[in-house]
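In our numbering, the protein residues as written are 95 to 420. Accompanying notes for the structure given below.
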Amino acid sequence: MGWFSPKGPARNHTALLYDRRFLLHDTGWSHPECAQRLGALYGGIKNAGLLDRLLIRTARPAGMKWLEAVHDRSYIQKFKQACKSGEPYFGHSDNAMGKETFEVAKLAVGAVLKATDLVMRGRVRNAFCAVRPPGHHAGRSSALGFCFFNNVAVAARYLQKKWKLSRIAIVDIDVHHGNGTQALFEEDPTVFYYSIHEHPSFAFPGTGREFEEGKGLGVGATKNAPMPPGSSDAEYEYRIRRDLIPVMNDFLPEFVLVSTGFDAHANDEMADMALTDAGYAAVFRVIHAMAHRLCHGRMVSVLEGGYCLPCLARLAADHVRILLDE
Ligand SMILES: [Zn+2]
95 MGWFSPKGPA RNHTALLYDR RFLLHDTGWS HPECAQRLGA LYGGIKNAGL LDRLLIRTAR
155 PAGMKWLEAV HDRSYIQKFK QACKSGEPYF GHSDNAMGKE TFEVAKLAVG AVLKATDLVM
215 RGRVRNAFCA VRPPGHHAGR SSALGFCFFN NVAVAARYLQ KKWKLSRIAI VDIDVHHGNG
275 TQALFEEDPT VFYYSIHEHP SFAFPGTGRE FEEGKGLGVG ATKNAPMPPG SSDAEYEYRI
335 RRDLIPVMND FLPEFVLVST GFDAHANDEM ADMALTDAGY AAVFRVIHAM AHRLCHGRMV
395 SVLEGGYCLP CLARLAADHV RILLDE
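Structural data, given as structure tokens:
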């Protein structure tokens with residue numbers, strides 16, 4: 095692609111946002127959303143020899159101003175207080191936390207904001223944010239499904255308020271429906287939320303049916319692709335090509351945020367999908383090509399779920415290779 099000189103990268107194509115402090119969010123013994131996830135993921139990128147191809151940046155905590163662009167002030171304060179008081183969880187018993195969790199959650203949001211800055215300043219074309227805790231189940235005043243702050247949602251508002259972009263697309267490929275993200279933007283025609291996820295069955299969180307298409311002014315700017323358990327690579331790729339591309343061609347996003355969950359993999363025990371490594375790569379290539387075609391490749395991918403540690407190592411390396419245009 096002509097981005098790399100023989101003496102090394104003159105200009106990085108892709109940034110990796112990673113911070114060892116993300117490991118300090120302590121969910122306790124045997125919780126699936128554990129620090130080892132990031133260790134596996136980072137190790138996978140490192141062992142694939144990709145680290146020196148990337149612009150690697152740590153996080154800074156998101157400011158209250160940006161958190162409050164999405165979350166209620168009282169919710170943020172309650173979370174802070176619960177964490178400080180040593181509560182074992184916040185909002186829902188799935189949302190285990192330790193004494194560092196509030197600060198780490200602010201850092202996770204901050205990493206995504208920094209990634210969007212790097213892209214908007216032209217320092218890189220795209221970025222992958224290897225963050226935790228994840229975000230897409232968090233609502234305005236609700237913590238759920240291991241999520242406290244909605245990382246991609248804050249980034250969408252940040253791109254609109256700081257960078258004055260008008261139309262943001264959020265593409266959610268986590269196997270679970272991003273009910274928090276959908277609820278935050280369902281009345282907003284300027285942020286398009288697309289999700290492909292497992293449904294029906296007993297899949298968490300139970301939302302994301304096809305008829306959920308937004309509300310009020312936002313009708314038409316939410317699209318859900320519920321997939322039956324056992325869906326294959328071919329079924330996923332077909333569905334995303336059929337559903338996502340036409341709506342994006344009409345919406346014309348100026349920036350694409352991807353809620354990247356790796357839990358639709360066949361070996362992930364949190365769901366019942368049958369995606370292979372190749373299927374994940376195919377789905378992500380469709381999104382990557384769409385961003386290239388519609389918004390100069392401006393894209394920030396943000397880690398959501400994914401609980402099979404060996405899968406995370408392989409899938410993250412594949413993911414980064416696609417971001418690097420390989
Ligand atoms: Zn998930």
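From the three backbone atoms N, C-alpha and C, an ideal C-beta is built for every residue, glycine too.
Tell whether a beta-carbon distance below 9 Å holds between residue i and residue j.
{"i": "ASN220", "j": "GLY391", "result": "yes"}
{"i": "LEU397", "j": "VAL225", "result": "yes"}
{"i": "TYR287", "j": "LYS317", "result": "yes"}
{"i": "ALA324", "j": "PHE279", "result": "First, the residue type needs correcting, since residue 324 is Gly and not Ala in the sequence shown. No, Cβ-Cβ distance for GLY324 and PHE279 is not below 9 Å."}
Quick one, which of the options has its alpha-carbon nearest residue i's?
{"i": "ASP120", "options": "TYR332, GLN175 and VAL198", "result": "VAL198"}
{"i": "VAL218", "options": "THR301, ALA232 and ILE150", "result": "ILE150"}
{"i": "ARG154", "options": "THR108, LEU397 and LEU201", "result": "LEU201"}
{"i": "HIS270", "options": "PRO299, LEU278 and GLY308", "result": "PRO299"}
{"i": "MET393", "options": "ALA263, PRO182, MET321 and ALA360", "result": "ALA263"}
{"i": "ASP282", "options": "GLU292, TYR112, ALA250 and LYS258", "result": "ALA250"}
{"i": "MET367", "options": "LEU406, VAL341, CYS128 and ASP327", "result": "ASP327"}
{"i": "TRP123", "options": "GLU329, LEU403, ARG167 and MET191", "result": "MET191"}
Just to confirm, does residue i get its C-beta within under 8 Å of one of the non-hydrogen atoms of ligand 1?
{"i": "ALA410", "result": "no"}
{"i": "GLY229", "result": "no"}
{"i": "GLU304", "result": "no"}
{"i": "GLU420", "result": "no"}
{"i": "VAL225", "result": "no"}
{"i": "GLY239", "result": "yes"}
{"i": "ASP166", "result": "no"}
{"i": "GLU329", "result": "no"}
{"i": "GLY308", "result": "no"}
{"i": "VAL269", "result": "yes"}
Using DSSP with H/G/I as helix, E/B as strand and the rest coil, what is residue i?
{"i": "LEU259", "result": "coil"}
{"i": "VAL269", "result": "coil"}
{"i": "LEU148", "result": "coil"}
{"i": "VAL394", "result": "strand"}
{"i": "PHE349", "result": "strand"}
{"i": "HIS291", "result": "strand"}
Hey, how far is the Cα of residue i from the Cα of residue j?
{"i": "THR210", "j": "LEU253", "result": "7 Å"}
{"i": "HIS186", "j": "VAL164", "result": "19 Å"}
{"i": "LEU351", "j": "LEU238", "result": "21 Å"}
{"i": "TYR401", "j": "GLY137", "result": "15 Å"}
{"i": "MET95", "j": "GLU306", "result": "Any reading at MET95 must be qualified, since the residue scores a pLDDT of 43, below 50, and its modelled position is unreliable; no value is offered."}
{"i": "ARG335", "j": "ALA176", "result": "43 Å"}
{"i": "GLU194", "j": "PRO340", "result": "43 Å"}
{"i": "HIS413", "j": "LEU148", "result": "13 Å"}
{"i": "ASN189", "j": "ALA358", "result": "21 Å"}
{"i": "ARG387", "j": "ARG215", "result": "19 Å"}
{"i": "ILE416", "j": "SER179", "result": "43 Å"}
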